[in-house]
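All remarks here apply to the structure that follows.
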Amino acid sequence: MPYLTPYDTGGPLQDLISFRRDLHQHPELGFAETRTSRVIRERLGASGLVVRALAGTGLIATLQGDKPGPTILVRAELDALPIQEISSVAYRSTSPGVMHACGHDAHCAIATLVARRLAEERESLRGTIKFAFQPSEEIAEGAERMIADGALENPRVDAAVALHVWQPMPVGIVGVSGGPIWAAVDELSFVVRGALGHGAMPNQGIDAIVAAAQIVTALQTVITRTRPPLDPAVLSIGSIQGGTAWNIIADRVEMHGTLRTFDPHVRDLLLGQIHRVARGVAESLGASCEVEDRYSAPAVVNDPELAALVRNSVIPIMGEDNVVPSQLSLVGDDFAHFIQQIPGCLFHVGSSNAAKGLDHGHHDSTFDIDESCLPIGAASLEAVIRGLLAQS
Ligand SMILES: [Zn+2]
Ligand SMILES: [Zn+2]
Numbered sequence: 492m493p494y495l496t497p498y499d500t501g502g503p504l505q506d507l508i509s510f511r512r513d514l515h516q517h518p519e520l521g522f523a524e525t526r527t528s529r530v531i532r533e534r535l536g537a538s539g540l541v542v543r544a545l546a547g548t549g550l551i552a553t554l555q556g557d558k559p560g561p562t563i564l565v566r567a568e569l570d571a572l573p574i575q576e577i578s579s580v581a582y583r584s585t586s587p588g589v590m591h592a593c594g595h596d597a598h599c600a601i602a603t604l605v606a607r608r609l610a611e612e613r614e615s616l617r618g619t620i621k622f623a624f625q626p627s628e629e630i631a632e633g634a635e636r637m638i639a640d641g642a643l644e645n646p647r648v649d650a651a652v653a654l655h656v657w658q659p660m661p662v663g664i665v666g667v668s669g670g671p672i673w674a675a676v677d678e679l680s681f682v683v684r685g686a687l688g689h690g691a692m693p694n695q696g697i698d699a700i701v702a703a704a705q706i707v708t709a710l711q712t713v714i715t716r717t718r719p720p721l722d723p724a725v726l727s728i729g730s731i732q733g734g735t736a737w738n739i740i741a742d743r744v745e746m747h748g749t750l751r752t753f754d755p756h757v758r759d760l761l762l763g764q765i766h767r768v769a770r771g772v773a774e775s776l777g778a779s780c781e782v783e784d785r786y787s788a789p790a791v792v793n794d795p796e797l798a799a800l801v802r803n804s805v806i807p808i809m810g811e812d813n814v815v816p817s818q819l820s821l822v823g824d825d826f827a828h829f830i831q832q833i834p835g836c837l838f839h840v841g842s843s844n845a846a847k848g849l850d851h852g853h854h855d856s857t858f859d860i861d862e863s864c865l866p867i868g869a870a871s872l873e874a875v876i877r878g879l880l881a882q883s
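For the working numbering, add 491 to where a residue sits in the sequence shown, where the first one is 1.
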C-alpha cells in the first residue's frame, strides 16, 4: 500500500488486530453470536452510536451526523462456521468444532473501529451511517431477518456497502466491479426411497444407495448438457447419508447439495432439470426421489455507479494499480438481499500472503488472513463511507 492511513500505526492498528484476534478465538455459529454481539456493543458503547438489537443476535449501530445527508448501511457478518480449526497460532479458536474460517471476525473488527473513528467527528459528518452487524450469513438467513426487522427503515437506507476479505487475492490489492460478482445460491435436498432387503438378496429389495449413486452421476449432466455453455453454474452434492448396516439393502438415502447460478432464467432451467433427472433416475430403478430446493440468496449484483464510487474512493489509499476488477466467483452472500432492494456494492480486500503460508482458502480448517489487510480494509471502508456521504 503506497500511502499510510490512520489505521496503519499505533493504537488503531493494535485495536484492529487485538479485536480481530479476540473474535477469532471466540467464534459462534449463526443466530448464536451472543458474545460476539455483546463485545461489539461494548466497544461501540462509549462512542455515542445508538445501538439497537434486531434479528436475534444482530445489531444496528446508527451514527447520525449533525449535518443532513444520505443514509447508508455498512454490513459486517457476525457468524463463524462449523469447522474444527487446525492451527498453532495463539489466537486459534477456543470453541471445539467452530471457527472463523471466512474472515467475518476481520469484518466485525474493521466495521467497529471505523464506526468509532467516524463517531469522533459527528459534528462535521453529513448524513447517517447504519452499521449492520448481521447474524447468520453462512446459512444465508440473517440478512432477510434483518430486513424483516426493519434494518432498511427509520431512516430509510439509500445505499448499502460491504467488504469481504478475499484469499484468492493477495494482500495489498482491492477488487471492485459493477454488475454480478457472486452467484445465486440454492440449497438442494434429496430423499431417495427404496425397499429394505437382505444384502445377499438384493433382488428382493430396492437399493436406495445404488439409486442415489446413479442420481449423483446423472446430475453431472445438468451442468454439462443442460446449462448454456457460456452461462456459469455449479452443482455440487456435499453430503450423502443412507443405510444402516453392511448386509442390508438400504431403503433410504438423504443427500444435500447446492446449485449456484447468475442468470435467473438459467437457474429456473437447471432447477427444473435437477428435479426431472433425480425423480426419473429413481423411478427407472423402482425407487422414488423427493427433491426440494431452497432459494438461499440471489446473486450479488453491484450497482455500477456505486462500484465506480468505491473504486474512486479507494484509489487515493491504494494507488490505481492496486485496485483491480473483482474476480467473478460462484460463492454466495446473503448481502444480496439488501442490495436487491437498494443500490449496493460488495468489494474485495485481498488477504492472502503465500510467502507467509497464509493462502488457505475460505471455509478451510487452515484458513487465516495476513492481518496487514485489516488497516487496508478499515481505511478503504472509511474512504468509501466518506465518498457515499459526500453524494447528495
Ligand atoms: Zn463464508
Ligand atoms: Zn463470508
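A virtual CB, placed ideally from N, CA and C, is assigned to each residue, including glycine.
Which listed residue (864, 515, 764 and 802) has its alpha carbon closest to that of residue 875:
For the set 864, 515, 764 and 802, the Cα lying nearest the Cα of residue 875 is the one of 802.
Between which two residues does the beta strand (DSSP E) containing residue 796 stretch?
No beta strand (DSSP E) holds residue 796; the alpha helix (DSSP H) holding it covers 795-809.
Leaving out the 5 sequence neighbours to the left and right, which residues in its chain are closer than 8 Å to residue 844 when beta-carbon positions are compared?
Taking C-beta separations shorter than 8 Å and ignoring five residues to either side along the sequence, the partners of residue 844 in its chain run 661, 662, 850, 861 and 863, following chain order.
Quick one: give me the first and last residue of the alpha helix (DSSP H) that residue 637 is part of.
Residue range 633-639 is occupied by the alpha helix (DSSP H) that includes residue 637.
Rounded to whole angstroms, what's the CA-CA distance from residue 791 to residue 825? Just pull it up for me.
Answer to the nearest angstrom: the Cα atoms are 8 Å apart.
Whether residue 854 touches residue 567 by CB criterion (7 Å)
Residue 854 places its beta carbon 7 Å or farther from that of residue 567.
Contact belief for residue 580 with residue 518 at Cβ below 8 Å, rounded distance in angstroms
Not quite, the Cβ-Cβ distance comes to about 14 Å (not below 8 Å), so this is no contact.
Less than 6 Å between the CB of residue 599 and some heavy atom of ligand 1, yes or no?
With a threshold of 6 Å, the Cβ atom of residue 599 does not count as near ligand 1, since no heavy atom of the ligand is closer than that.
In whole angstroms, give me the CA-to-CA distance for residue 764 and residue 681.
Between residue 764 and residue 681, the C-alpha separation is close to 14 Å.
Please specify which runs of the beta strand (DSSP E), each continuous and at least 3 residues long, are wholly inside the region 615-698, giving them in chain order.
The region 615-698 contains these whole beta strand (DSSP E) runs: 617-625, 650-661, 670-673 and 675-684.
Cβ contact (3+ pairs, closer than 8 Å) linking the region 662-679 and the region 613-629
Cβ pair count under 8 Å is below three, so no.
Mind checking which residues open and close the beta strand (DSSP E) that includes residue 555?
549-555 is the span of the beta strand (DSSP E), which, as asked, contains residue 555.
Residue 685 versus residue 638: straight-line alpha-carbon distance, rounded:
Rounded to whole angstroms, the gap between the alpha carbons of residue 685 and residue 638 is 42 Å.
With a threshold of 16 other CB atoms inside 10 Å of the CB of residue 496, please say whether the residue is buried or exposed.
With 16 or more Cβ atoms within 10 Å of its Cβ, residue 496 is classed as buried.
How far does the beta strand (DSSP E) with residue 842 in it reach, from first residue to last?
Element bounds for residue 842: 835-843.
Under 7 Å between the Cβ atoms of residue 606 and residue 622?
Yes, these two residues count as a Cβ contact at 7 Å.
Can you look up residue 780 in the DSSP assignment and give me helix, strand or coil?
Here residue 780 carries a strand assignment [DSSP, helix/strand/coil].
So residue 668 and residue 793 are supposed to be a Cβ contact under 8 Å. How far apart are they, rounded?
The beta carbons of residue 668 and residue 793 sit about 6 Å from each other, so the pair counts as a contact at 8 Å.
Contact defined as beta carbons within less than 8 Å: I believe residue 871 pairs with residue 569. What is the distance between those atoms, to the nearest angstrom?
Not a contact, Cβ separation roughly 21 Å.
What are the boundary residues of the beta strand (DSSP E) that includes residue 727?
Where residue 727 is concerned, the enclosing beta strand (DSSP E) stretches over 724-733.
Buried versus exposed call for residue 818 [16 or more other C-beta atoms within 10 Å across all chains shown]:
By the neighbour-count rule (16 or more Cβ atoms within 10 Å), residue 818 is not buried but exposed.
Which residues bound the beta strand (DSSP E) around residue 603?
The continuous stretches of beta strand (DSSP E) do not include residue 603, which lies in the alpha helix (DSSP H) extending over residues 595-610.
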